[in-house]
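S.K.: So for the sequence shown, this note's numbering puts the first residue at 3; every next one is plus one.
Structure provided below as structure tokens; questions to follow.
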Amino acid sequence: MMSAHEQRQHGQGIRVAANRSNKPGSGLADLRLSNVPAVIDELTAVRHTVTRWASAAELSDDQVQDVALAVHEALTNVVEHAYHVRGGEFDLHAAQDRENVTITVTDHGQWQPPANSAETLRGRGLMLIKALATEFELRRRPVGTVVWMRWARLAIGPRLS
């Protein structure tokens, strides 16, 4: 039997929702990643999955990169701040409609400051997410944190020849 990490390396661990969205103008399934181990080794695979999904959602190339970077920052925060001694897990949900793409990252831990909070080059992840997304909310709960991000689709006009 393969471990969860080995399954993910072989494409078996990251599950994408099979149901198609019933929102107008949408043929793309929501992306749901559940119970992903909150370890740094998982972030690259998740970032690639989100990037492919955002591209399929027909965002502009710049927005796809903004989504990928913002999600990576949110996930890095989960890995570094959500869980004390033992590792935990996170969930990610991405959905889209005609006007917006919305992504939530949810952990079930309890926020902790970084081990060396005196480092001056740290602590910019949430500011970066806020700058990259059209809207952003950080919702701290007694157990867990939700990072909610929304991107308004850019209106792409007719191309001039």
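Cβ coordinates follow ideal geometry from the N, Cα and C atoms, glycine included.
Quick caveat: nothing in here was measured; it's all calculated off a predicted structure.
Based on the DSSP secondary-structure assignment, which residues constitute the bridge partners of Arg34?
M.R.: DSSP output for Arg34 lists His95 as bridge partner(s).
S.K.: Identify which residue in Thr147, Asp109 and Arg100 has its Cα closest to the Cα of Gly29.
M.R.: It is Arg100.
S.K.: For Ser62, which residues from the same chain have a beta carbon less than 6 Å from its beta carbon, with the 5 sequence-adjacent residues on both sides left out?
M.R.: Closer than 6 Å at the Cβ level, and outside the excluded window around Ser62, lie Leu156.
S.K.: Count the other C-beta atoms from every protein chain shown that fall within 10 angstroms of the C-beta of Ala133, then say buried if there are 16 or more, exposed otherwise.
M.R.: Exposed, because fewer than 16 other Cβ atoms sit within 10 Å of the Cβ of Ala133.
S.K.: Please list, in chain order, all residues of the same chain as Val145 whose beta carbon is under 8 Å from its beta carbon, the five residues on each side excluded.
M.R.: Result list for Val145: His110, Gly111 and Gln112, in chain order.
S.K.: At the level of alpha carbons, what is the spacing between Ile105 and Ala84?
M.R.: Answer to the nearest angstrom: the Cα atoms are 18 Å apart.
S.K.: Roughly how many angstroms separate the alpha carbons of Ala72 and Gln114, rounded to a whole number?
M.R.: Going from the Cα of Ala72 to the Cα of Gln114 covers about 20 Å.
S.K.: Step through the CB atoms of chain C and report whether any lies within less than 8 Å of the CB of Asp63.
M.R.: No chain C appears in this structure, which consists of one protein chain only.
S.K.: May I ask you to list the residues that DSSP assigns as paired with Asn102?
M.R.: Ala154, per the DSSP bridge assignment.
S.K.: Let's see if you can read the secondary structure: which residues bound the beta strand (DSSP E) around Leu60?
M.R.: The sequence as given places Glu at residue 60; Leu does not occur at that position. From DSSP, Glu60 is part of no beta strand (DSSP E); its letter is neither H nor E.
S.K.: Put Val41 into one of helix, strand or coil per three-state DSSP.
M.R.: If DSSP states are grouped into helix, strand and coil, Val41 belongs with coil.
S.K.: What whole-angstrom Cβ distance do Leu33 and Ala96 have, given they're in contact under 8 Å?
M.R.: About 4 Å separates the two Cβ atoms, so the contact holds.
S.K.: Starting from the Cα of His50, find the closest Cα among Arg126, Val69, His86 and Val41 and give me that residue.
M.R.: Among Arg126, Val69, His86 and Val41, the Cα nearest to that of His50 is on Val69.
S.K.: Out of curiosity, what's the CA-to-CA distance linking Gly127 and Arg141?
M.R.: Cα-Cα distance, rounded: 15 Å.
S.K.: Given Gln65, which residues of its chain have a CB within under 6 Å of its CB, disregarding the five upstream and five downstream residues?
M.R.: Closer than 6 Å at Cβ, skipping near neighbours: Trp153.
S.K.: Checking 8 Å against the spacing of the C-beta atoms, do Asp93 and Ser36 come in under that value?
M.R.: Yes. Within cutoff.
S.K.: In whole angstroms, what is the alpha-carbon distance linking Asp43 and His74?
M.R.: Computed Cα separation, rounded: 12 Å.
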